[in-house]
Amino acid sequence: MTTPPNQPFDFTTAFQQLIQNQANFQQNQENLQNNLATLTNELHHLRTRLAPPGFNNTEITPFPQTSIKLDIPRFDGTYPMGWIFKINQFFDFHHTPEDQRLRIASFYMDGEALTWFQWMHSNGQLLSWPGLLHALESRFAPSLYDDPKGALFKLCQTSSVKEYQTQFESLANRITGLPPQFYLSCFISGLKPPIRREVQAFQPGSLTQAISLAKLQEEKTLDTRPHPSFPKPNPSHTPSSSSFRPTLTVAPSKPTPTKRLSPAELQARREKGLCYNCDEKFIQGHRCKCLFHLLIVEPDPVVLEHQDPTLNMVEGVSDPNTEPVSDPTLDPPQISLHALMGHSIPQTLRVLGHIQHQPISVLIDSGSTHNFVQDRIIKQLGLVTEPAHSFQVLVGNGDQLQCSALCPQVPLLLGQHKFLVDLFCLPISGA
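Residue numbers (the numbering used here): 875 to 1305.
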């Protein structure tokens, strides 16, 4: 601004002009800030719409913020109310628009829930997010006619406190509008009487305190409960095998009856040159073919739950100097009670043998008349069986078992000596 020569300068007009220019500048600054805020807001909404699920839509600020990656919970038809709560929390956290929630949720359904969603979507029954939540609750949540409050009143502890707490919280989660004292009274009244009395004595003021006291009392009860004690085995009769055997109390068994040969029968065998214990010719160095008698049976119908998993065998040794016995076909086959129990006593001998390179336990007992093996051991070793003449086996306790199968000429290895023995299959269990 210029003034004519020799004319005084007007300071008042210049000052007013300066004020007007400053006001115009401020107005322009405000307009610029408003335009920038509008642009920032539009950019934020654009990022919200284009952001993939799980993206943290943070405000545009001069300083970057730490993003939190959250996974969308999946739903397979179980725990519907819990899934509805989590999916709503997820969408609210990310400010997901409702028109996008329905499609995003369909990507995270599996199994029965996905099949149901496909059917509802194909029939045009899912039009909005609230409609989906209502239909999902009606399909998978408990019926509206259920009475969770009544079930909570009747709930009682039947197992551990932890399981009772889980059942209690599952029902309480479906009830709203009740005071905390109501839940406290319901929880205490449903405890087992010994635990309930102890918890009531402490008068807990909250449900959390009552649960802690109930668990503490349960542990105390378990610690004071007497534990069953088992008698220690007698060292003098403990087998050398390391396998476990339960302690059994067995009444003394009667000696197995033996039929003696009459003088006439003895004389007839001498004249024919037959062995006293078998029907073969007796010569120098003669050994009976059926020298070892093997079996695996039980003493009574009670099935023993803990037995030696190896094969138990019983051997009867023929002694030419002992008094001969009659042909086994004249009397029912017999098994001594000690062989039946699988115990080693002074009259028995336990040795280690092998069948088809598999280790077995051989119990030699003179109270048995035949060789027996359990059908389970036959399957385990793959032994060949063939039908045999069916007969009854008399065991030491007076019971009789049916036998109708035979494993012929089974190679039994005892030390360095190999024997071929016939094994009768006996249907017993527990050995």
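Quick reminder that beta carbons are idealized off the backbone N, C-alpha and C, glycines included.
All of these numbers come straight from a predicted model, not from anything done at the bench.
Once DSSP output is grouped into helix, strand and coil, what is the label at residue i?
i: Ala1279; result: strand
i: His1228; result: strand
i: Leu920; result: helix
i: Gln1266; result: strand
i: Ser1080; result: coil
i: Ile1049; result: coil
i: Pro1016; result: coil
Would you mind reading off the limits of the alpha helix (DSSP H) that contains residue i?
i: Val1035; result: Val1035 to Ala1046
i: Gln1031; result: Here Gln1031 belongs to no alpha helix (DSSP H), and DSSP marks it neither H nor E.
i: His1291; result: His1291 -> not in any alpha helix (DSSP H); beta strand (DSSP E) instead, spanning His1291 to Leu1300.
i: Val1258; result: Segment: none, Val1258 is in no alpha helix (DSSP H) and carries neither H nor E.
i: Phe1156; result: Segment: none, Phe1156 is in no alpha helix (DSSP H) and carries neither H nor E.
i: Phe949; result: Run containing Phe949: none; DSSP gives neither H nor E here.
i: Leu1063; result: The question names Leu, yet the displayed sequence has Ser at residue 1063. Residues Pro1054 to Ser1063.
i: Gln1141; result: Pro1137 to Lys1146
With a threshold of 8 Å on Cβ separation, who are the neighbours of residue i within its own chain once the five nearest residues in sequence on each side are excluded?
i: Ser1080; result: Pro1054 and Leu1058
i: Ile1049; result: Pro1022, Lys1023 and Leu1026
i: Cys1162; result: Cys1149, Asn1151, Cys1152, Glu1154 and Ser1192
i: Glu1011; result: Pro954, Met955 and Ile958
First and last residue of the beta strand (DSSP E) that includes residue i?
i: Phe1246; result: Phe1246 to Gln1248
Can you list, in chain order, the residues of its chain whose CB lies under 6 Å from that of residue i, leaving out five sequence neighbours each side?
i: Leu910; result: none
i: Phe949; result: Trp957, Met983 and Ala987
i: Thr1184; result: Note that Thr1184 scores a pLDDT of 37, beneath 50, so its modelled location is shaky and nothing firm can be said.
i: Thr1123; result: Caution applies to Thr1123, whose pLDDT of 48 falls short of 50 and renders its modelled position unreliable; the model cannot decide the point.
Quick one: is the Cβ of residue i within less than 6 Å of any heavy atom of the ligand MG?
i: Cys1299; result: Absence of the ligand MG from the depicted structure is noted, as is the absence of any ligand whatsoever, leaving it without description.
Here's a check: name, in chain order, each residue in its chain whose Cβ is nearer than 7 Å to the Cβ of residue i, leaving out the five neighbours to either side.
i: Ala1084; result: Leu1058, Phe1061, Ile1062, Val1073 and Pro1078
i: Gln1041; result: Leu1029
i: Leu1255; result: Ile1229, Gln1230 and Gln1232
i: Lys1066; result: Gln1031
i: Asn902; result: none
i: Gln1283; result: Leu1294 and Asp1296
| request: Please go through the region 963-1006 and give each complete alpha helix (DSSP H) segment of 4 or more residues, from N-terminal end onward. | output: Every unbroken stretch of the alpha helix (DSSP H) spanning 4 or more residues and falling wholly within the region 963-1006 is given here in chain order: 972-980 and 985-996.
Answer yes if the region 999-1011 comes into contact with the region 961-979, meaning at least three C-beta pairs across the two stretches below 8 Å, and no otherwise. Contact between the region 961-979 and the region 999-1011 is present, because at least three Cβ pairs lie under 8 Å.
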